[in-house]
Every structure is written in C-alpha cells, then in structure tokens.
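Numbering (the UniProt record's numbering) for the sequence shown: 1 to 433.
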Amino acid sequence: MRLAPRPATTIAAATLGAIVALGVSVLPAPAADRKDAWHLDALELADMHKITQGEGITVAVIDSGVDATHPDLKNNVLPGIDFFDEQASGHEDRSGHGTAMASLIAGHGHGPGGHEGVLGVAPKAKILPITVRAPEGKSNYSLEAIALGIHWAIEQDVDVINISLGGPQNVELSQAVERAYQNNVIVVAGVGNKENAAIGSPANLPGSLAVTGTDRDGMPSSIASLPAAQTHLAAPAEDLYQAVPGGGYATITGNSGATALVSGAVALVKSKYPNLNSLDLFKRMVETTRDAGKPGKDFDYGWGQLDLRAALTGEPDGRASRTQAPSQEPQLDPTLARARAQGPAGENEALVMALSIAFILVVLGLIATPVLLLLRYRRRRRATTPAMEAATATRTSATGLASPPTATTNPSESGPPAHPTDPADDSPWRRPD
C-alpha cells in the first residue's frame, strides 16, 4: 500500500506547505556514550523499569522511516509500511528523524547488560515504522500520508502512535485522530518549537495528547517549546541522546524528542494498565503530572510536567475532570473489533469490505483504482480489516462514533480553530454527550 498512484507533486500540494519534523539542533555524540542522557534520571527510568519496560506494547512511529539494523533497536522494529515505496517496509530512514524517535521510545542499548547506546523509555515495546516522508528530491512529509498512516496503524492493532511532526490542519487528519481515540489508540503529538508560529496538527486536534518541551531545569525550553492552549503536558526536550541511522548517535534538541519520551511513557502505562480506554489513559497521563508554572493548566506546561512514577504508581487526582460522563468514553469500531476477535477468519470479511471501501476512496481521490488497493491489501495481510476503512466512515455512521468536539476560535493564532482559548478547558480531549 502506498501513494504512488498520486504523483509526488500532487501529494506535495496536499500538504499546504510546511509539514516539519520537530527537531532543531543536532550535535554529534560520542559513540554509545550514555553518560549525558540526563533525561533517564529525570524520568527515574531505572526504578520505573522495575515495574514495566513496555512489554506487549506496539508504538507506531509515523515519520521518515526507522533503521531497524541499529544495534540499539535490533529486534524491536516490526515490518512496517512506506507510503512512497511499495517494496519497502519502513526500514529505510530518509532523514534520520524516525530512527531518533524510535530510539527514545524503545531503544534497548547494546553491549554487556545493554549499558551502551540509547536506552528508551519502553525498551521492550515494539516499533511499527510508517514512512510518510517522500524520497529525496520530492515533497517532504505529506498530510495525506500521515492520515493514512494513522488508519493503517489502527488496523495493525497498535497501542500508541507517535507523531513528532506538525503542519496545517486537515479534515482527513482530524478524522484519523478521532478514529484512533475511539479505538483506544493514543496519538501523541508535539506542539512545535519556538520557531513555529503556532501549534500545528495533529497536536491541535481533539483526541491527541499534545506535548511541549522543557530544559534540564524543568523550565520551558527556549528552543523546543511553544505556548499553546492545547498543550496537555511537558517533557524533557533539550540535549537528548539519540540514535541515528548507520549505528551512530547524536545529541538533539527539539520538541520531537519530548513527544517521543511521552509516547514511551504512554507505552509503559498501557503495559501496566492494559484495560484503560482512551479517556482513562488521558486522565492518568495528565492528572498525574507535576504542576508547574501557573497553578492549574497553563499555556507553557499544560497540566504539568510528566511524572512517570506517579503515572505508573499513583492515581489520577481529578484535577482535569469536571463531570463523570460515561457517554464520553470511546466506542470501539464494531467491524474492527469483530475482525480482530475472529483472527484469520475475519480476513474474508475484510477482503469483501476492501472492494466497497476502495470504491469510496476513489471518489475521495485517495487512490487511483480499487483493484490496486485490493491487490496491495492482499499482499499485506497483516491487517484484519482494510487499512483505509475509516476514510470512508461518516460521523453519523452506524458504528456510533462520536464527532470531534466543536471548538471556539482563538483569534490570536494564525492557524485554524481547534480548541477553546481557555487553558483550563479540558473539552478538547473529552467526548461529547
């Protein structure tokens, strides 16, 4: 499955400009030298890994691809997908960004006891690479590919989706994030760096967990943070020791890294509490943070700084909860749930659905022909339902999926309206009645 039927120039036009990786400064690091990985102590990972290391969790990394041969990621990277190369499996990193993010999430180090190289937040989690960066010389990141990547990740039954990218708002992307939420898949996204004019998508979308960055002292990073009403929480973002393709290392500053650390944290929480739905997982992540900045929710920290110990061993304190609303809980896509429960038996149903879904995708202009989609789907049978099913579902379908909350416009932001301007308003991540 890929976007080849649509020329790269067409895909580039669909991005409406800047889809950017949220990393800024990059400094080469001594090979396999972990001593400067200050965030490991800040997150108390040595103790947290006695509780869980992310066993049984899969994190999709929607990015530039991941170097699966890096010694710190060996055996942790699953076969993925490249939307620009049907023969690839997401294991070619076109910029180095995806490998860096994967290492922060699920790097396991190497050497005796794994004490060399990068140690990720969830070293026993698996990475599912989804390449949405076009080959060199063509467009960079595509909004269309990111949205399709989210749908595909949902079909692969992932637990978390990391998107250390940001760009203009897009209807398809909004629907994809909402579908992920409804299927208990958390999309973790970065709000952006200081150089960005305003928070981008998908961080500004209802249903995503929006992350900002802090420095070594826990202050808003002068580089890797962006004040925004939509921010949920903050995490370390400066001088993060990361892996790069080819077995190398670098120290990188950027909101991307903070986003990846939170994705790893969500993986740990999901591993310890596997039955949490999206709403409860959101509450556990934001209601166990350490309040910082102005009391309560603010633009610089959201609800506060990531406190991994509290997230794993404490209880949500209710600060972000206004009412108990069972109707706000996600409603699992019935077709998806049924096909997963049937296992291989659900494949026939999925193939039948692929034909009808493909027709609608043609109308939407997402692919050139339904036959092409079906052939690709049959070659890649890892999914139990067609990867693009949600692109066809309307918000009033029989599945009962709720529409994303309507938000008010913030006139001070140049971007599209997404969330209320009141930083204490938690409605963007709560489901409507």
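Heads up, the beta-carbon is just placed ideally off N, CA and C, and yes, glycines get one too.
Only residues of its own chain outside the window of five on either side were considered, and among them none has a CB closer than 6 angstroms to the CB of Leu45. DSSP, read as helix, strand or coil, puts Glu92 in coil.
Among the bridge pairs identified by DSSP, Pro236 is matched with Thr214.
For Glu116, the secondary structure class from DSSP, reduced to helix, strand or coil, is strand.
Residue Gly248 holds the alpha-carbon nearest to the alpha-carbon of Arg34 among Gly248, Ser142, Val66. Ser164 carries a coil assignment under DSSP once its states are collapsed to helix, strand and coil.
Around the CB of Gln242, 16 or more other CB atoms lie within 10 Å, so the residue is classed as buried. Between the region 162-173 and the region 112-125 there are fewer than three inter-stretch CB-CB distances shorter than 8 angstroms, so the stretches are not counted as touching. If you draw a straight line from the Cα of Val61 to the Cα of Ile127, it comes to about 7 angstroms. 8 angstroms or more divides the Cβ of Asn193 from the Cβ of Gly246. Rounded to the nearest whole angstrom, the C-alpha separation of Ala237 and Glu155 is 31 angstroms. The straight-line gap separating the alpha-carbon atoms of Val262 and Gln87 is approximately 31 angstroms. In the three-state DSSP reduction, Val269 falls in the helix class (H, G or I). Here DSSP, grouped into helix, strand and coil, assigns Val66 to coil. Of Ala310, Ala250, Ile81, the smallest CA-CA separation from Asp47 is found for Ala310. Between Gly98 and Pro129, the C-beta gap is smaller than 8 angstroms, which places the two residues in contact.
Looking from the CA of Leu281, the closest CA among Glu178, Leu306, Asn184 belongs to Asn184. In the DSSP assignment, His108 falls outside any alpha helix (DSSP H) and lies within the beta strand (DSSP E) extending over 108-110. For the options Ser95, Gly207, Tyr301, Ala250, the alpha carbon positioned closest to that of Ser64 is the one of Ser95. Contact check for Gly207 against Ala229 fails: the beta carbons are separated by 8 angstroms or more. In the DSSP annotation of this structure, the continuous segment of the alpha helix (DSSP H) that includes Gly149 starts and ends at 143-155. By the CB criterion at 8 angstroms, Leu240 and Trp303 fall outside the cutoff.
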